[in-house]
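Chemist: There's a structure below that I have some questions on.
2 protein chains.
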Amino acid sequence: MNILVTLNSQYIKPLKIMLWSLFFNNKEEKFDIYLMHSSITEEEIEDLYHFISRHNSRLFEITIPKKVFDNAPVVKHYSVEMYYRLLAYKFLPADLDRILYLDPDILVINPIRELYYTDLQGYLYAASYHNRIPIKVINALRLKAYEMEEYFNSGVLLMNLPLHRKNIKEQEIFQYIAKNKNRLLLPDQDVLNALYSRDIKKLDEIKYNYDARYYLYYKLQNNGKVNMDYIMRNTAIIHFCGKNKPWRPDYNGNFKSLYKHYEVLALYR
Amino acid sequence: MNILVTLNSQYIKPLKIMLWSLFFNNKEEKFDIYLMHSSITEEEIEDLYHFISRHNSRLFEITIPKKVFDNAPVVKHYSVEMYYRLLAYKFLPADLDRILYLDPDILVINPIRELYYTDLQGYLYAASYHNRIPIKVINALRLKAYEMEEYFNSGVLLMNLPLHRKNIKEQEIFQYIAKNKNRLLLPDQDVLNALYSRDIKKLDEIKYNYDARYYLYYKLQNNGKVNMDYIMRNTAIIHFCGKNKPWRPDYNGNFKSLYKHYEVLALYR
Chain S
4 MNILVTLNSQ YIKPLKIMLW SLFFNNKEEK FDIYLMHSSI TEEEIEDLYH
54 FISRHNSRLF EITIPKKVFD NAPVVKHYSV EMYYRLLAYK FLPADLDRIL
104 YLDPDILVIN PIRELYYTDL QGYLYAASYH NRIPIKVINA LRLKAYEMEE
154 YFNSGVLLMN LPLHRKNIKE QEIFQYIAKN KNRLLLPDQD VLNALYSRDI
204 KKLDEIKYNY DARYYLYYKL QNNGKVNMDY IMRNTAIIHF CGKNKPWRPD
254 YNGNFKSLYK HYEVLALYR
Chain B
4 MNILVTLNSQ YIKPLKIMLW SLFFNNKEEK FDIYLMHSSI TEEEIEDLYH
54 FISRHNSRLF EITIPKKVFD NAPVVKHYSV EMYYRLLAYK FLPADLDRIL
104 YLDPDILVIN PIRELYYTDL QGYLYAASYH NRIPIKVINA LRLKAYEMEE
154 YFNSGVLLMN LPLHRKNIKE QEIFQYIAKN KNRLLLPDQD VLNALYSRDI
204 KKLDEIKYNY DARYYLYYKL QNNGKVNMDY IMRNTAIIHF CGKNKPWRPD
254 YNGNFKSLYK HYEVLALYR
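These protein sequences, in sequence, are chains S and B.
The first sequence begins at 4 in this note's numbering and counts up by one.
The second sequence begins at 4 in this note's numbering and counts up by one.
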């Protein structure tokens with residue numbers, strides 16, 4: 004399975020935790036991990052290389068010179084790394100059929116085989132729609148996007164690469180960003196939704212992009228069915244969205260002990 | 004390493020979770036699991052046998068006919084199984100040097116090698132003293148035990164078997180119970196404390212018998228040092244003491260997601 008990660012040095016620790024959880028709960032699989040970056044040091048890459056090799060998987064480093072995006076519009080404090088996800092197909096091997104992008108603030112707790120082999124039948128992407136009314140309303144107002152029908156979370160993103168090569172136009176993305184840059188909050192996610200929401204296949208959020216902040220919300224929404232037992236048996240990907248990250252000492256949340264145990268397994272054993 | 008468990012059919016599910024966590028976090032070790040019981044069915048034993056064999060360890064079944072304790076005093080609703088722990092040495096192989104008794108309501112999250120090889124230098128047992136003032140006072144008043152100096156928890160109990168064979172007298176235990184049966188609340192633990200507390204080596208409670216109910220208490224007692232990060236790195240044994248057990252659907256506690264993930268790993272993979 005092909006996995007895409009794009010990150011800077013600050014996220015190496017969570018990346019290793021995420022990858023360890025992916026390997027551990029998908030023991031039957033082998034992974035090719037594509038790491039896109041501009042600023043990670045050689046030592047860090049070396050360390051990641053050994054970490055990934057120990058788990059029967061392979062690391063492919065894709066270094067992207069910053070000047071590749073010299074003509075791209077820059078949004079506030081966001082770096083050009085936001086483009087890596089949107090234009091990944093340009094830097095990946097031409098024969099790759101699909102790849103699963105994963106944010107580093109994720110814990111994989113069950114097999115992802117079903118997710119990875121989702122039938123993409125003409126869709127550019129598969130992703131989970133984060134369906135909480137307040138967020139939806141806020142986003143619709145903020146983006147005023149003509150084409151936007153859903154608000155998808157870009158942290159777990161399955162890509163149909165042959166179709167990307169055909170249909171995703173760099174200039175279209177640059178133009179959209181230049182025009183909307185004062186309104187973009189989460190640039191890549193906003194662009195994804197504004198330009199491509201109709202081309203995204205909807206994935207089950209509870210299985211593949213469970214937002215760790217909303218334990219109570221999911222439980223109430225589903226008449227109590229989605230309790231901790233249900234999550235542990237059915238959810239493959241827990242996503243620690245938002246500012247308060249589980250690797251910070253002051254983090255509090257329903258998955259704290261689980262995350263921190265994985266942290267020890269991944270980093271200190 | 005020799006591990007002792009004593010249980011009835013109701014606890015087979017938690018027992019498997021406990022054992023799985025023990026195996027997983029102690030991969031370098033091989034375990035001989037001694038199971039003392041009077042009422043577990045052949046099918047259940049068969050299932051446990053395969054479960055344990057799959058992890059490179061061995062199961063030794065020790066069936067104890069109920070009539071062995073025909074002369075023993077009976078305490079309220081407690082079954083004779085309370086004696087298995089106190090008189091284990093009588094049923095274990097004569098050449099065994101030490102054994103670690105573990106309750107089934109436990110999760111092992113780190114290596115126990117250091118615990119197992121504790122220097123027992125003349126002590127009958129090693130155990131953790133649960134050092135919460137209210138409990139201590141209550142217990143002292145309740146037992147009025149002349150010899151009792153500490154209140155040890157009997158859920159994690161390392162046994163010095165050669166010394167048991169020499170110094171533990173069945174009749175002394177029976178007499179104590181007959182005399183105190185109306186005051187005993189947790190019979191085996193009460194007897195252990197009343198008769199042997201001076202012969203128990205004190206183990207670090209936070210490392211080897213962390214009471215899952217007292218997350219906040221441990222944290223405050225130690226100026227915040229014993230937070231979740233600390234526990235995940237240093238605690239080997241989390242003990243889910245009390246009535247509300249983590250395998251029940253209505254359980255709530257700081258280690259809920261962790262326990263329920265282990266439940267899936269142990270029982271449903």
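We put the beta carbon where it would ideally sit given N, CA and C, even for glycine.
Please report the residue range of the alpha helix (DSSP H) in which Asn237 (chain S) lies.
Modeler: Counting from 1 along the first sequence, the entry for residue 237 (chain S) is found at position 234. Segment Met231 to Asn237, the alpha helix (DSSP H) holding Asn237 (chain S).
Chemist: Met235 (chain S) versus chain B: which residues are under 8 Å apart at the beta carbon?
Modeler: Along the first sequence, one-based indexing puts residue 235 (chain S) at 232. Here the neighbours are Ser260, Lys263, His264, Glu266 and Val267.
Chemist: For chain S, check one thing: does any of its Cβ atoms lie closer than 7 Å to the Cβ of Asp232 (chain B)?
Modeler: Taking the first residue of the second sequence as position 1, residue 232 (chain B) is located at position 229. Taking Cβ atoms only, chain S reaches closer than 7 Å to Asp232 (chain B), which makes this a yes.
Chemist: Should Asp253 (chain B) be labelled buried (16 or more other beta-carbon atoms within 10 Å of its own) or exposed?
Modeler: Translated into positions along the second sequence, residue 253 (chain B) becomes position 250. Burial call: exposed.
Chemist: When the cut-off is 7 Å and only beta carbons count, does Asn183 (chain S) lie next to chain B?
Modeler: Position 180 of the first sequence, counted from the start, is the residue given in the question as residue 183 (chain S). Answer no: the Cβ-Cβ gap between Asn183 (chain S) and chain B never drops below 7 Å.
Chemist: Does the beta-carbon of Lys33 (chain B) have 16 or more other beta-carbons within 10 angstroms, so that it is buried, or is it exposed?
Modeler: Your numbering for residue 33 (chain B) matches position 30 in the second sequence. That one is exposed.
Chemist: For Tyr277 (chain S), which option in S:Asn170, S:Lys248, S:Ser131 and S:Gln174 has the closest C-alpha, if you only look at C-alpha atoms?
Modeler: Because chain S in this structure spans residues 4 to 272, residue 277 (chain S) falls outside the shown range and cannot be described.
Chemist: Just grab the DSSP bridge partners of His242 (chain B) for me.
Modeler: Locating residue 242 (chain B) in the second sequence gives position 239, counting from the first residue. His242 (chain B) is bridged to B:Ile109 and B:Asp214.
Chemist: Quick one: is Gly125 (chain S) buried, meaning 16 or more other Cβ sit within 10 Å of its Cβ, or exposed?
Modeler: Taking the first residue of the first sequence as 1, we reach residue 125 (chain S) at position 122. Gly125 (chain S) should be labelled exposed.
Chemist: Which first and last residues belong to the beta strand (DSSP E) in which Met162 (chain S) is found?
Modeler: For the purposes of this step, residue 162 (chain S) is identified with residue 159 of the first sequence, where counting begins at 1. Start and end: Phe155 to Asn163.
Chemist: Take Leu103 (chain B) as the anchor and find which of B:Asn163, B:Phe26, B:Pro114 and B:Asn226 has the nearest alpha-carbon.
Modeler: Within the second sequence, residue 103 (chain B) is the residue found at index 100, counting from 1. Nearest of B:Asn163, B:Phe26, B:Pro114 and B:Asn226 to Leu103 (chain B), Cα basis: B:Asn163.
Chemist: Taking a contact to mean a Cβ-Cβ separation below 7 Å, would you say Val83 (chain S) touches Phe72 (chain S) in this structure?
Modeler: Here residue 83 (chain S) refers to the residue found at position 80 when the first sequence is read from its first residue. Here residue 72 (chain S) refers to the residue found at position 69 when the first sequence is read from its first residue. Contact: yes.
Chemist: Sort B:Arg57, B:Lys263 and B:Tyr86 by Cα distance to Pro68 (chain B) and report the nearest one.
Modeler: One-based indexing of the second sequence puts residue 68 (chain B) at position 65. Pro68 (chain B) has its Cα closest to that of B:Tyr86, out of B:Arg57, B:Lys263 and B:Tyr86.
Chemist: Look at the alpha carbon of Leu223 (chain S) and the alpha carbon of Tyr233 (chain S), and state the distance between them as a whole number of angstroms.
Modeler: In the first sequence, the residue the question calls residue 223 (chain S) occupies position 220. In the first sequence, the residue the question calls residue 233 (chain S) occupies position 230. Using only the alpha carbons, I get a separation of about 13 Å.
Chemist: Less than 7 Å separating the beta-carbons of His264 (chain B) and Leu261 (chain S)?
Modeler: The residue you call residue 264 (chain B) lines up with position 261 of the second sequence. The residue you call residue 261 (chain S) lines up with position 258 of the first sequence. Yes. Within cutoff.
Chemist: For a quick check, are the C-beta atoms of Asn113 (chain S) and Ala239 (chain S) less than 7 Å apart?
Modeler: Indexing the first sequence from 1 puts residue 113 (chain S) at position 110. Indexing the first sequence from 1 puts residue 239 (chain S) at position 236. For Asn113 (chain S) and Ala239 (chain S), yes; Cβs fall inside 7 Å.
Chemist: Alpha carbon to alpha carbon, how far is Asn29 (chain B) from Ile115 (chain B)?
Modeler: Along the second sequence, read from residue 1 onward, the residue named residue 29 (chain B) stands at position 26. Along the second sequence, read from residue 1 onward, the residue named residue 115 (chain B) stands at position 112. Near 7 Å, if we compare the C-alpha coordinates of Ile115 (chain B) and Asn29 (chain B).
Chemist: Which complete beta strand (DSSP E) runs does the segment 35-79 of chain S hold, if anything under 3 residues is left out?
Modeler: DSSP runs (the beta strand (DSSP E)) wholly in the segment 35-79 of chain S: 35-40 and 61-66.
Chemist: Select from S:Val78, S:Phe63, S:Glu31 and S:Glu47 the residue whose C-alpha is nearest the C-alpha of Asn183 (chain S).
Modeler: Taking the first sequence and counting its residues from 1, the one referred to as residue 183 (chain S) is at position 180. Residue S:Val78 is the option with its Cα nearest to Asn183 (chain S).
Chemist: Give a yes or no on whether 7 Å exceeds the smallest Cβ distance from Asn247 (chain S) to chain B.
Modeler: For the purposes of this step, residue 247 (chain S) is taken as residue 244 along the first sequence, with counting starting at 1. So no, Asn247 (chain S) is outside the interface.
Chemist: Should Lys204 (chain S) and Ala129 (chain S) be called a contact, given that it needs their Cβ atoms to be closer than 7 Å?
Modeler: As a working note, residue 204 (chain S) is residue 201 in the first sequence. As a working note, residue 129 (chain S) is residue 126 in the first sequence. Closer than 7 Å, so yes.
Chemist: Would you list, in chain order, the members of the segment 93-120 of chain B that have their beta-carbon closer than 7 Å to a beta-carbon of chain S?
Modeler: Residues Ile112.
Chemist: Listing by chain order, which chain B residues have their CB less than 8 Å from the CB of Tyr271 (chain S)?
Modeler: Working through the first sequence from its first residue, we reach residue 271 (chain S) at position 268. Under the 8 Å cutoff, chain B gives Arg236.
Chemist: With DSSP run on the structure shown, which of helix, strand or coil describes Ser131 (chain S)?
Modeler: Reading the first sequence from its first residue, position 128 is the one you call residue 131 (chain S). Strand, per DSSP.
Chemist: If you draw a straight line from the C-alpha of Lys19 (chain S) to the C-alpha of Phe63 (chain S), how long is it?
Modeler: If you number the first sequence from 1, residue 19 (chain S) lands on position 16. If you number the first sequence from 1, residue 63 (chain S) lands on position 60. The straight-line gap from Cα to Cα measures roughly 15 Å.
Chemist: Looking at the secondary structure, which residues open and close the alpha helix (DSSP H) in which Asn183 (chain B) lies?
Modeler: In the second sequence, residue 183 (chain B) corresponds to position 180, counting from 1. Start and end: Glu173 to Asn183.
Chemist: Please classify Leu223 (chain B): does DSSP put it in a helix, a strand, or coil?
Modeler: Within the second sequence, the letter at position 220 stands for residue 223 (chain B). DSSP places Leu223 (chain B) in helix when its eight states are reduced to three.
Chemist: Run through the DSSP bridge pairs and tell me what Leu123 (chain B) is partnered with.
Modeler: Position 120 of the second sequence, counting from 1, holds the residue named residue 123 (chain B). DSSP lists no partner for Leu123 (chain B).
Chemist: State yes or no: is the C-beta of Val196 (chain B) within less than 7 Å of the C-beta of Tyr154 (chain B)?
Modeler: Against the second sequence, residue 196 (chain B) aligns to sequence position 193. Against the second sequence, residue 154 (chain B) aligns to sequence position 151. According to the sequence provided, residue 196 (chain B) is Asn. The question's Val does not apply to it. Taking 7 Å as the Cβ cut-off, Asn196 (chain B) and Tyr154 (chain B) qualify as a contacting pair.
Chemist: Can you tell me whether Tyr104 (chain B) is helix, strand or coil according to DSSP?
Modeler: One-based indexing of the second sequence puts residue 104 (chain B) at position 101. Of the three classes helix, strand and coil, the one that applies to Tyr104 (chain B) here is strand, per DSSP.
Chemist: Within the same chain, show all residues whose beta-carbon is closer than 6 Å to that of Met21 (chain B), passing over the 5 residues directly before and after it, in chain order.
Modeler: Position 18 of the second sequence holds residue 21 (chain B). Pro107 and Ile109, listed in sequence order.
Chemist: The alpha helix (DSSP H) spanning Val8 (chain S) covers which residue range?
Modeler: Mapped onto the first sequence, residue 8 (chain S) falls at position 5. Not the alpha helix (DSSP H): Val8 (chain S) falls in the beta strand (DSSP E), residues Asn5 to Thr9.
Chemist: Given a limit of 9 Å on CB to CB distance, which residues of the segment 181-210 of chain B reach chain S?
Modeler: Result list empty, no residue passes.
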